[in-house]
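Novice: In mature numbering (1 follows the signal peptide of the UniProt record, and there is no 0), the protein residues as written are -24 to -1, 1 to 401. Attaching a single structure in structure tokens format; questions to follow.
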């Protein structure tokens, strides 16, 4: 096998972010900088610093890619992006000089969060920056232990200066993209603070909610649409649409603003909706919509409304199943300790056993239906090993075969791993 092919195979799975457990194994290092808000910003090449991470919380993860023809090939690579063991998206850059941003809201249950680039054979993966933003667990309730929310659109209506609002206007550092003004829209705004209602599930920031659009023709609806984006891994994606509303002007005594919200002709709420003055309200589908090639949302005034519909902001997400089962936690900790002690130079990145086709080189794993994957075989030959046998091998409870040339003190292995059928030293 020639050297180029060996390098290509070794680069199939590149771990970009592993916070709270270990470093990135020497292949591609990304270091985290933490501010006093708990924000973690990662840029390739920065000096190493500690990265704060809390297991079991909800996070907004944002990956940024700016090709810029940095390699002189004038051909941007195409590769997959995973969060943990779950497929996230395919990175496909159409313009070398335009940055591409992908965002997901997900619950990370384990001791670390892993964001991985997967080389699919269409060029070497790269990344420009990675952001990790902690969210209150009550926000975005549709993101839970079994599914994440992949951002499709986050739009700010009624703002025509082209400014993208984020932190500090948004404490959660979401990117709110201004929507271009259309001839059929009238922009409305206020300089008064727009407050979030109690138990708000989305915390739309005041700076975003202070602007909105209404139709020029008071009898016309507000309409918008988006196309479904099926993929091989998700041929029928489900979508969640969140519409943010607030009344920005005090209405005359006899004025009424009430409208229906429909998606592909299906009525939401079962009745007309009336925004509150200077308070945020959100209308959304908690159960993802499936089965359409195109999704059309329409805001239509009710019969007794004297004013047209209003729309301040919206968010659209596709739903990503996050039910992939990771390798047993004890095995992950043990193999990470073994890798660190012996400075193993193999391309050990991401989860040791999952996805199955990216299991670490030199590992054998079992994939029982009723339990997490576990390490059953370990081949450390040709790894330049030296020193005593680590007690961390005892953490691999399912280990049956071990090959580890040049490790001294064979007797130490008998206590931690009596179940091994065959050992080579």
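Every residue, glycine too, gets a C-beta built ideally from N, C-alpha and C. None of the values given here were measured: they were computed from a predicted structure.
Measuring CA to CA, which of 134, 184, 180 and 210 is closest to residue 163?
Specialist: By one-based count along the chain shown, residue 163 stands at place 187. Out of 134, 184, 180 and 210, 134 has the C-alpha closest to the C-alpha of residue 163.
Novice: Bridge partners of residue 210, per DSSP?
Specialist: The residue you call residue 210 lines up with position 234 of the chain shown. Residue 210 is not bridged to any residue.
Novice: Taking just the CA atoms, how far does residue 189 sit from residue 165?
Specialist: Within the chain shown, the letter at position 189 stands for residue 165. Within the chain shown, the letter at position 213 stands for residue 189. Roughly 9 Å separates the two Cα atoms.
Novice: Is the stretch 252 to 262 close to the stretch 303 to 317, with three or more CB pairs under 8 Å?
Specialist: Not touching, per the Cβ criterion.
Novice: Exposed or buried, what is residue 203 when buried is set at 16 or more other beta-carbons lying within 10 Å of its beta-carbon?
Specialist: Here residue 203 refers to the residue found at position 227 of the chain shown. Classification for residue 203: exposed.
Novice: Just how far apart, CA to CA, sit residue 250 and residue 66?
Specialist: Within the chain shown, the letter at position 274 stands for residue 250. Within the chain shown, the letter at position 90 stands for residue 66. Rounded to whole angstroms, residue 250 to residue 66 spans 40 Å at the Cα level.
Novice: Which runs of the beta strand (DSSP E) at least 3 residues long sit entirely within the stretch 105 to 133? Give them in chain order.
Specialist: With a minimum length of 3 residues, the continuous beta strand (DSSP E) runs that stay inside the stretch 105 to 133 are 105 to 111 and 123 to 132.
Novice: Give the C-beta separation of residue 232 and residue 282 to the nearest angstrom, bearing in mind that I take them to be a contact with Cβ-Cβ under 8 Å.
Specialist: By 1-based counting over the chain shown, the position of residue 232 is 256. By 1-based counting over the chain shown, the position of residue 282 is 306. With a Cβ gap of about 5 Å, residue 232 and residue 282 count as contacting.
Novice: CB residue 141 to CB residue 221, shorter than 8 Å?
Specialist: Position 165 of the chain shown, counted from the first residue, corresponds to residue 141. Position 245 of the chain shown, counted from the first residue, corresponds to residue 221. No, Cβ-Cβ distance for residue 141 and residue 221 is not below 8 Å.
Novice: Return the first residue and the last residue of the alpha helix (DSSP H) that residue 306 is part of.
Specialist: The residue labelled residue 306 in the question sits at position 330 within the chain shown. Start and end: 305 to 318.
Novice: Nearest CA to the CA of residue 313: which residue from 327, 355, 332 and 366?
Specialist: Start at 1 with the first residue of the chain shown, and residue 313 comes out as number 337. Closest by alpha carbon: 366.
Novice: Name the one or two DSSP bridge partners that residue 365 has.
Specialist: Counting from one through the chain shown, the residue named residue 365 turns up at place 389. Paired residues: none, contrary to the question.
Novice: In angstroms, rounded to a whole number, what distance separates the CA positions of residue 122 and residue 255?
Specialist: For the purposes of this step, residue 122 is identified with residue 146 of the chain shown, where counting begins at 1. For the purposes of this step, residue 255 is identified with residue 279 of the chain shown, where counting begins at 1. If you take the alpha carbons of residue 122 and residue 255, they lie about 32 Å apart.
Novice: In whole angstroms, what separates the C-alpha of residue 402 from that of residue 329?
Specialist: Coverage of the chain is limited to positions -24 through 401, which leaves residue 402 absent and any answer about it impossible.
Novice: List the whole-angstrom C-beta distance separating residue 146 from residue 181, where the pair is believed to meet the contact cut-off of C-beta under 8 Å.
Specialist: Numbered from its first residue, the chain shown carries residue 146 at position 170. Numbered from its first residue, the chain shown carries residue 181 at position 205. Right, the Cβ-Cβ distance comes to about 4 Å (below 8 Å), so this counts as a contact.
Novice: Taking DSSP as the reference, what is the three-state secondary structure of residue 184?
Specialist: Taking the first residue of the chain shown as 1, we reach residue 184 at position 208. Of the three classes helix, strand and coil, the one that applies to residue 184 here is helix, per DSSP.
Novice: Could you pull the DSSP bridge partners for residue 270 from this structure?
Specialist: Mapped onto the chain shown, residue 270 falls at position 294. According to DSSP, residue 270 bridges with 203.
Novice: Which word fits residue 32, buried or exposed, when buried means at least 16 other C-beta atoms lie within 10 angstroms of its C-beta?
Specialist: Position 56 of the chain shown, counted from the start, is the residue given in the question as residue 32. Exposed is the call here.
Novice: Please classify residue 327 as buried or exposed, where buried requires at least 16 other C-beta atoms within 10 Å of its C-beta.
Specialist: Translated into the one-based positions of the chain shown, residue 327 becomes position 351. Answer is buried; the Cβ neighbour count reaches 16.
Novice: How would you call residue 90, buried or exposed, if buried means at least 16 neighbouring beta carbons within 10 angstroms?
Specialist: Here residue 90 refers to the residue found at position 114 when the chain shown is read from its first residue. With 16 or more other Cβ atoms within 10 Å, it is buried.
Novice: Could you have a look at residue 260 and say whether DSSP puts it in helix, strand or coil?
Specialist: Looking up residue 260 in the chain shown gives position 284. Of the three classes helix, strand and coil, the one that applies to residue 260 here is strand, per DSSP.
Novice: By DSSP, does residue 355 sit in helix, in strand, or in coil?
Specialist: Translated into positions along the chain shown, residue 355 becomes position 379. Note: residue 355 maps to strand in three-state DSSP.
Novice: Nearest-angstrom Cα distance between residue 280 and residue 196?
Specialist: On the chain shown, residue 280 is found 304 positions in, with the first residue counted as 1. On the chain shown, residue 196 is found 220 positions in, with the first residue counted as 1. Looking at the two C-alpha atoms, the distance is approximately 15 Å.
Novice: Taking the CB atoms as reference points, tell me whether residue 130 and residue 109 lie closer together than 8 Å.
Specialist: By 1-based counting over the chain shown, the position of residue 130 is 154. By 1-based counting over the chain shown, the position of residue 109 is 133. No.
Novice: Got a sec, what are the start and stop residues for the beta strand (DSSP E) residue 146 sits in?
Specialist: As a position in the chain shown, residue 146 is number 170, starting the count at 1. Note, residue 146: premise wrong, no beta strand (DSSP E); not H, not E.
Novice: Residue range of the beta strand (DSSP E) that residue 48 falls in?
Specialist: Numbered from 1 along the chain shown, position 72 holds the residue referred to as residue 48. Looking at the DSSP string, residue 48 is not in any beta strand (DSSP E), and its letter there is neither H nor E.
Novice: Taking the straight line between their C-alpha atoms, what separation do you get for residue 248 and residue 206?
Specialist: Taking the first residue of the chain shown as position 1, residue 248 is located at position 272. Taking the first residue of the chain shown as position 1, residue 206 is located at position 230. One C-alpha to the other measures close to 32 Å.
Novice: Which residues does DSSP pair with residue 154 in a beta bridge?
Specialist: Translated into positions along the chain shown, residue 154 becomes position 178. Note: residue 154 sits in a beta bridge opposite 132.
Novice: Which stretch, first to last residue, makes up the beta strand (DSSP E) that contains residue 140?
Specialist: Residue numbering aside, residue 140 sits at position 164 when the chain shown is read from its first letter. Note, residue 140: premise wrong, no beta strand (DSSP E); not H, not E.
Novice: Quick check on DSSP: helix, strand or coil for residue 332?
Specialist: In the chain shown, residue 332 corresponds to position 356, counting from 1. Three-state result, residue 332: helix.
Novice: Rounded to the nearest angstrom, what separates residue 191 and residue 285 at their Cα positions?
Specialist: Translated into the one-based positions of the chain shown, residue 191 becomes position 215. Translated into the one-based positions of the chain shown, residue 285 becomes position 309. Approximately 7 Å between the Cα atoms of the pair.
Novice: What residue range does the beta strand (DSSP E) around residue 239 cover?
Specialist: For this step, residue 239 is matched to residue 263 along the chain shown. Segment 235 to 239, the beta strand (DSSP E) holding residue 239.
Novice: Kindly indicate which three-state DSSP category residue 370 falls into: helix, strand or coil?
Specialist: Residue mapping note: residue 370 aligns to position 394 of the chain shown, counting from 1. Helix.
Novice: Determine the direct distance from the alpha carbon of residue 64 to that of residue 126, and round the result to whole angstroms.
Specialist: Taking the chain shown and counting its residues from 1, one reaches residue 126 at position 150. Taking the chain shown and counting its residues from 1, one reaches residue 64 at position 88. Whole-angstrom Cα-Cα distance: 8 Å.
Novice: Since residue 375 and residue 320 should fall inside the 8 Å C-beta cutoff, what is the C-beta to C-beta distance between them, to a whole number of angstroms?
Specialist: Numbered from its first residue, the chain shown carries residue 375 at position 399. Numbered from its first residue, the chain shown carries residue 320 at position 344. With a Cβ gap of about 16 Å, residue 375 and residue 320 do not count as contacting.
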